[in-house]
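For the protein sequence lines, the chains are A and B, in the order given.
Each residue of the first sequence is one higher than the last, beginning at 127 in the numbering used here.
Each residue of the second sequence is one higher than the last, beginning at 70 in the numbering used here.
Glycine included, every Cβ here is placed at the ideal spot set by N, Cα and C.
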Amino acid sequence: MSVISRFSKVFLFEEKDALLFRLDPRIKLIKSIILMVIVFFIQDPIKIGILMATLLVEFKILGKVLFKVLRSILYLTPILILIIVANYLATYDIIDTLSPLLRFLLFVMAVDLFFFTTSPDDFSLTLEALRLPMTISLSFSLALRFIPTLSMELNDIIEAQISRGLQLDKGNILTRIRNYIPLLIPLIVLSIKRSIEVAEALEIRGLRPGVKRTSYKTLVLSGVDYAYIIISLIIIIAIYLLELKHLISLAKL
Amino acid sequence: MIIFDNVWFKYGDRDYVLKNINITIKEGEIVCILGDNGAGKTTLLKHINGLLKPSKGEVYVDKLNTKETSVSDLAKKVALVFQYPERMFFTESVWKEVEFALANFGFEEDIRVHRIRKVLNMFWLWEYRDRSPFTLSGGEQRRLAIAIALAWDPKYVVLDEPTAGQDGFQREILIDIIRNIVYREKTIILATHDIEFVFELPECRIIVLNKGEIIYDGSSVELFNNYPELLIEAGLEPPSLSKLIQTLRKEGKYVIFKNYDDAVDKIYNLIKGG
């Protein structure tokens, strides 16, 4: 029970008073995508390490979300172990094992950079700015919006079923899986009911596909946004172009 | 006997939701916990079957300390019916829904059949036994939830907001059901902010919670006659009859009432007299 609630907490958006939260979501998305792409071009684990270090500093100082990011990585431990084992068995080389692992972590951090610092409202504005069809952007933001609600409801259902004698951690693996049926069915029923209610509420408030909509809040780029993306780009390009041999020879001089 | 001994509780590192709660509930009592939204009613109820453990202090259910007893052991003694119990249904028939809890608590087949038959009849649900619980009306679903809770014969029945979303007729049925449960020598603890409902249950002992603290613990007659201001302090509105009587008292007509019917009678006599 506590594992589920802790896990869902990772996905809960918490607004914090920090620079990353105030940035234009489009800028963060661009940086996120650049990082995700560059992961495929940098092989050197040291370069990736340096890039990761800059990101961690950014999470700590600009975003105040370092702890949350580390926790999201912690939940990926099984996948991380799989990557290490598989790569080591394939190459028998520490460097070749480390490189894909670090690249995967960088990828995860790039995703976190956008999702942990962008409110659901900003998220839907970004989707609209990307000119996605309204049905898709709306479904996305609704899905995000309902994660906290569902997690609360799941908690209520768990408590109700435990109160009538359900024991989740009893029996062998098959029984344990079956133990989750009394949780899943009410959750699915509730979600379907809720989706119908939401659809009606949206229609009542005049939502129709194909009709042009205006936004209450519009995204405007500010000087801080430009400064942030330019500095980020300089750092990324510098690390990409960095020749470690030169650095070592420089150090020798 | 349920004992709350100096209970304090907080969620995580937020402020205390329950502050210094001391209650002793004897067998056969009906206890109504009154308070407005966020007063800590549900939090208090969840302590009785061990879903929540006190941050400070102890809760004892029949001498069992809830901190040292598992929820499933406590659930056998304490049936907790939630505010929206209909949200936990998952089987394809009313019969199976009742049977699920009985199976969890390890009752034999013949006892199960006997118990299901008994509670379904008691709550006028027998004719629906093969229907899906999702097709029942709101009131029937609520009755089914209480039936499920009574099926394993718990000593204590805890109801959280039993009248939420129920119409007048269903509330009358609920009052009947509660009296019926007490008649079967069970203890009832219910939390509500539905004052009129409590007013119609004069036999209950009332505990008023305000921001996590107990500000009144005593009989309902005493509260509605003498301390209606406590209800206002707790963010609740006194029952309309009680308000009427307070106004009459200001006009010099001193009336004391024992219960709902008594109050109606006395007011009627006053009007008739003059």
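For residue i and residue j, I'd like the C-alpha separation in whole angstroms.
{"i": "B/Arg200", "j": "B/Ser206", "result": "12 Å"}
{"i": "B/Ile99", "j": "B/Ile258", "result": "6 Å"}
{"i": "B/Asp286", "j": "B/Ile117", "result": "18 Å"}
{"i": "B/Asp331", "j": "B/Asp105", "result": "27 Å"}
{"i": "A/Ala286", "j": "B/Lys187", "result": "23 Å"}
{"i": "B/Arg181", "j": "B/Lys132", "result": "28 Å"}
{"i": "A/Met127", "j": "B/Glu320", "result": "Unreliable positioning characterises A/Met127 in this predicted model, as indicated by a pLDDT of 44, which lies under 50. A coordinate reading is not provided."}
{"i": "B/Thr316", "j": "B/Gly342", "result": "17 Å"}
{"i": "A/Thr223", "j": "A/Asn213", "result": "5 Å"}
{"i": "A/Leu251", "j": "A/Pro274", "result": "20 Å"}
{"i": "B/Ala233", "j": "B/Gln152", "result": "7 Å"}
{"i": "B/Val128", "j": "B/Val140", "result": "13 Å"}
{"i": "B/Lys88", "j": "B/Pro231", "result": "25 Å"}
{"i": "A/Leu359", "j": "A/Ile164", "result": "11 Å"}
{"i": "B/Tyr80", "j": "B/Thr112", "result": "10 Å"}
{"i": "B/Tyr337", "j": "B/Ile215", "result": "37 Å"}
{"i": "A/Asn298", "j": "A/Arg304", "result": "10 Å"}
{"i": "A/Val350", "j": "B/Arg83", "result": "35 Å"}
{"i": "A/Ser267", "j": "A/Asp247", "result": "8 Å"}
If we define contact as Cβ-Cβ less than 8 Å, is residue i a contact residue for chain A?
{"i": "B/Val140", "result": "yes"}
{"i": "B/Phe159", "result": "yes"}
{"i": "B/Phe73", "result": "no"}
{"i": "B/Phe174", "result": "yes"}
{"i": "B/Ala260", "result": "no"}
{"i": "B/Phe192", "result": "no"}
{"i": "B/Ile217", "result": "yes"}
Using three-state DSSP, classify residue i as helix, strand or coil.
{"i": "B/Ala108", "result": "coil"}
{"i": "A/Leu345", "result": "coil"}
{"i": "B/Tyr80", "result": "coil"}
{"i": "B/Asp344", "result": "Past the edges of chain B, shown from 70 to 343, lies residue 344 of chain B, and the structure says nothing about it."}
{"i": "A/Met127", "result": "Note that A/Met127 scores a pLDDT of 44, beneath 50, so its modelled location is shaky; the value from the coordinates is reported in the next line. Coil."}
{"i": "B/Val333", "result": "helix"}
{"i": "B/Thr316", "result": "helix"}
{"i": "B/Val128", "result": "strand"}
{"i": "B/Asp286", "result": "strand"}
{"i": "B/Val324", "result": "coil"}
{"i": "B/Arg240", "result": "helix"}
{"i": "B/Ala303", "result": "coil"}
{"i": "A/Tyr366", "result": "helix"}
{"i": "B/Tyr85", "result": "strand"}
{"i": "A/Phe272", "result": "helix"}
{"i": "A/Ile168", "result": "coil"}
Could you tell me whether any Cβ in chain B is nearer than 8 Å to the Cβ of residue i?
{"i": "A/Ser128", "result": "Because A/Ser128 sits at a pLDDT of 48, beneath the cut-off of 50, its placement in the model cannot be relied upon, and the following sentence gives the value as read from the coordinates. No, because no Cβ of chain B sits closer than 8 Å to the Cβ of A/Ser128."}
{"i": "A/Pro171", "result": "no"}
{"i": "A/Pro226", "result": "no"}
{"i": "A/Glu285", "result": "yes"}
{"i": "A/Ala144", "result": "no"}
{"i": "A/Pro312", "result": "yes"}
{"i": "A/Arg320", "result": "no"}
{"i": "A/Val315", "result": "yes"}
Measuring from the CB of residue i, is there a heavy atom of the ligand COA at a distance below 7 Å?
{"i": "A/Tyr352", "result": "Questions concerning the ligand COA fall outside what the structure shown contains, since it holds no ligand whatsoever."}
Going by alpha carbons, who is nearest to residue i out of the options?
{"i": "B/Gly97", "options": "B/Val227, B/Ala218 and B/Lys322", "result": "B/Val227"}
{"i": "B/Asp74", "options": "B/Tyr85, B/Leu87 and B/Asn91", "result": "B/Asn91"}
{"i": "A/Val191", "options": "A/Pro171, A/Ile156 and A/Glu140", "result": "A/Glu140"}
{"i": "B/Leu173", "options": "B/Ser162, B/Lys145 and B/Val163", "result": "It is worth fixing the name first, because residue 173 of chain B is Asn in this sequence and not Leu. With distances taken between Cα atoms, B/Asn173 lies closest to B/Lys145."}
{"i": "A/Thr243", "options": "A/Ala144, A/Phe167 and A/Val346", "result": "A/Ala144"}
{"i": "A/Lys319", "options": "A/Glu254, A/Ile365, A/Leu276 and A/Gly349", "result": "A/Leu276"}
{"i": "B/Phe326", "options": "B/Leu219, B/Asn294 and B/Val147", "result": "B/Asn294"}
{"i": "A/Pro204", "options": "A/Ile273, A/Phe230, A/Ile307 and A/Leu280", "result": "A/Phe230"}
{"i": "B/Lys255", "options": "B/Ala148, B/Thr112 and B/Ser141", "result": "B/Ala148"}
{"i": "A/Ile399", "options": "A/Leu227, A/Val195 and A/Leu333", "result": "No answer is possible for residue 399 of chain A: it lies beyond the span of chain A, which begins at 127 and ends at 379."}
{"i": "A/Ser245", "options": "A/Val337, A/Ile374, A/Lys154 and A/Ile356", "result": "A/Lys154"}
{"i": "B/Pro223", "options": "A/Phe185, A/Val324, A/Arg290 and A/Ile156", "result": "A/Arg290"}
{"i": "A/Val337", "options": "A/Thr261, A/Ser265 and A/Glu326", "result": "A/Thr261"}
{"i": "A/Tyr366", "options": "A/Arg152, A/Leu146 and A/Leu177", "result": "A/Leu177"}
{"i": "B/Leu219", "options": "B/His183, B/Pro307 and B/Ile276", "result": "B/His183"}
{"i": "A/Ala255", "options": "A/Leu368, A/Leu146 and A/Pro151", "result": "A/Pro151"}
{"i": "B/Trp77", "options": "B/Gly304, B/Tyr323, B/Glu177 and B/Lys122", "result": "B/Lys122"}
Using a 10 Å radius around the Cβ and a threshold of 16 neighbouring Cβ atoms, would you call residue i buried or exposed?
{"i": "B/Ser124", "result": "exposed"}
{"i": "A/Leu376", "result": "exposed"}
{"i": "A/Met278", "result": "exposed"}
{"i": "A/Ile322", "result": "exposed"}
{"i": "A/Tyr354", "result": "buried"}
{"i": "A/Ala364", "result": "exposed"}
{"i": "B/Asp334", "result": "exposed"}
{"i": "A/Pro259", "result": "exposed"}
{"i": "B/Trp193", "result": "exposed"}
{"i": "B/Glu166", "result": "buried"}
Original post:
Name the residues in the segment 143–158 of chain B whose C-beta lies less than 7 Å from a C-beta of chain C; which are they?
Top reply: The chain inventory of the structure shown lacks chain C, comprising the protein chains A and B.
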